[in-house]
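Peer 1: Chains as they are written, first to last, in this note's numbering: chain A, -15 to 111; chain D, -15 to 111; chain P, -15 to 111; chain H, -15 to 111.
For every residue, glycine included, the Cβ atom is placed at its ideal position computed from N, Cα and C.
None of these values were measured; they are calculated from a predicted model.
Please read through the structure below; I'll follow up with questions.
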């Protein structure tokens, strides 16, 4: 699991006075990229990438400007040709968001799904 | 159903060369607000509002800058205290997104769900 | 001059109840790309592009959700190796924004500025 | 001066492969709010606020995903009824952005500018 903290931006609020729902999609993406694109140990095979196929976001409570955000991102399942990533977002210990992303492992030449195997699979199962 | 068309913005693309996944959340929100906040015939009761509880987005195909976007937004279900909104997004007749939003009808004083009844219910069932 | 109209998005507002200042940067960019990237008659030379060097935005009045935006974008000056683009943004006939963008014409191989000449110059002077 | 560091988000890039110009407006705003809204010692008078009147952004170099951003924000001038804020943005020690924001100190009831005086003035001059 990767835990990150940051300050929400004022432009991420909306006229209802709270964090706008769209902002959470950006925060969830940030957790995913920290997991899959920025870890030196997570090496994808050549001409391969994880492509977002489905995002499910549950909005559990309102978030606010002026309060540190904590995101927790982990791989919740490694399927044959896909992975599931779970994202939890908190402010002051209160959970705001529970989200699930499904990413398909794609061969970028043939544009078709390919199996997650070998070292990559072991590593993802351990995150 | 409400159909809207607009041009994607260059800032909505990302370094993979296509429309970034977060941009779709904004486009889906725009369809919801066109349905619920901008139609003069959709009048919510005093101190009441629809609050987003869940968003599910299926990414079916890549979207690109330089090509008109069409969004189709409709109420797919009127529940006891909630509604489901379906959003489809197209470019050149190809469907990029199929999304479902669940919004709960909330009494803003008590912060608790309230039934969707009467004229509002009839109207939403007909959209 | 290119004139465009669109609806502001709810996610473009902020907790002060009006359109957030960052949203205008996106709207100004949209006007620039409509002028430089989407007109079939504006053809840049091979391996060349206009690169944003400076943006100056004057915020004249508050903008609001629920009210159509009109943007007016024109080339205000064609310099030796750069162009100036002026952007005006209105709601209900009231001017919200007056902005100026300076873009440098760049040779993408050498990464250095190059002169705006010939047909491109004539066309830009006439927009 | 306030110095902050954070990771750029993938959704802040664009199809040219670098950080999109609009993203910098959000980063500049974040520095301003850290200075004016989040410091417990910066107390505005009742019914008063700083309102953005002008933003000038110089784009000095391209920014990229995958590289920590450092922002430096300071008050560069305290005028009679306004302040100037300077923002510098770096990646790997290379300056990407030099920006200047002019904010007017406004009486929120009369909507007119008011003098920056007393303790607030002294504090802002020292930041």
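1. Give, in chain order, every unbroken run of the alpha helix (DSSP H) that is at least 4 residues long and sits entirely within the segment -4 to 25 of chain D.
2. Report all residues from its chain with a CB closer than 8 Å to the CB of residue 42/P; omit the five preceding and five following residues, and keep chain order.
3. Does the beta-carbon of residue 72/D have 16 or more other beta-carbons within 10 angstroms, so that it is buried, or is it exposed?
4. Do the segment 8 to 27 of chain D and the segment 41 to 58 of chain D touch if we need at least three Cβ pairs shorter than 8 Å?
5. Using the DSSP secondary-structure output, state which residues sit across from residue 58/H in a beta bridge.
6. So, under 8 Å CB-CB, residue 79/A and residue 45/A are touching, yes? Tell me the CB distance rounded to an integer number of Å.
7. Let me check one thing: in DSSP terms, what residues is residue 40/H bridge-paired to?
8. Assuming contact is defined by CB atoms lying nearer than 7 Å, are residue 3/H and residue 13/H in contact in what I supplied?
9. Against chain P, which members of the segment -5 to 6 of chain H pass a CB distance test of less than 7 Å?
10. Starting from residue 109/A, trace the alpha helix (DSSP H) both ways and give me its first and last residue.
11. Rounding to the nearest angstrom, what Cα-Cα distance links residue 105/P and residue 31/P in this structure?
12. Taking residue 66/D as the query, report the chain A residues whose CB atoms sit under 9 Å from its CB, ordered along the chain.
13. Looking only at C-alpha atoms, which of 33/A, 70/A, 68/A sits nearest to residue 93/A?
14. So residue 38/H contacts chain P; which residues on that side make the cut at Cβ distance below 9 Å?
15. Suppose contacts are defined by Cβ-Cβ distances below 7 Å. Is residue 114/H in contact with residue 40/P by that definition?
16. Taking residue -9/H as the reference, which of 1/A, 63/A, 11/A has the closest Cα?
17. Taking the alpha-carbon of residue 103/H as reference, which of -14/H, 48/H, 62/H has the nearest alpha-carbon?
18. Mapping the DSSP letters down to three states, classify residue 49/P as helix, strand or coil.
19. With 7 Å as the limit, tell me which residues of the segment 8 to 42 of chain H have their beta carbon closer than that to any beta carbon of chain P; keep them in chain order.
20. With distances taken between CB atoms, is the gap from residue 86/P to residue 66/P smaller than 7 Å?
21. Between residue 35/A and residue 107/A, which are expected to be in contact by the criterion C-beta below 8 Å, what is the C-beta distance as a whole number of angstroms?
22. I'd like to know whether the C-beta atoms of residue 6/H and residue 9/P end up nearer to each other than 7 Å.
23. Could you spell out where the beta strand (DSSP E) holding residue -10/D opens and where it closes?
24. Step through the CB atoms of chain H and report whether any lies within less than 7 Å of the CB of residue 105/A.
25. Let's test the definition: count the other Cβ atoms within 10 Å of the Cβ of residue 69/P and tell me whether it reaches 16, buried, or not, exposed.
26. Expressed to the nearest angstrom, what Euclidean distance is found between the alpha-carbon atoms of residue 50/D and residue 76/P?
27. Report the option in 48/D, -13/D, 95/D whose CA atom is closest to the CA atom of residue 0/H.
Peer 2: Let me lay it out:
1. 5 to 20
2. 81, 82, 83
3. buried
4. Enough Cβ pairs lie closer than 8 Å, so yes.
5. Residue 58/H is bridged to 70/H.
6. 7 Å
7. 40/P, 84/H
8. The Cβ-Cβ distance between residue 3/H and residue 13/H does not fall below 7 Å.
9. 5, 6
10. It spans 102 to 110 - the alpha helix (DSSP H) in which residue 109/A sits, taken as one unbroken run.
11. 17 Å
12. Per Cβ cutoff of 9 Å: no residues; residue 66/D is ~13 Å from chain A at best.
13. 33/A
14. By Cβ distance, chain P contributes 40, 41, 42, 43.
15. The structure shown does not extend to residue 114/H, since chain H spans only -15 to 111, so no value can be given for it.
16. 11/A
17. 62/H
18. Shown here, residue 49/P sits in coil according to DSSP, grouped into three states, outside any helix or strand.
19. 9, 10, 13, 36, 37, 38, 39, 40, 41, 42
20. Yes, these two residues count as a Cβ contact at 7 Å.
21. Not confirmed; about 19 Å, so no contact.
22. yes
23. -14 to -10
24. no
25. buried
26. Going by the C-alpha atoms only, they are around 28 Å apart.
27. The shortest C-alpha to C-alpha distance from residue 0/H to any of 48/D, -13/D, 95/D is the one to 48/D.
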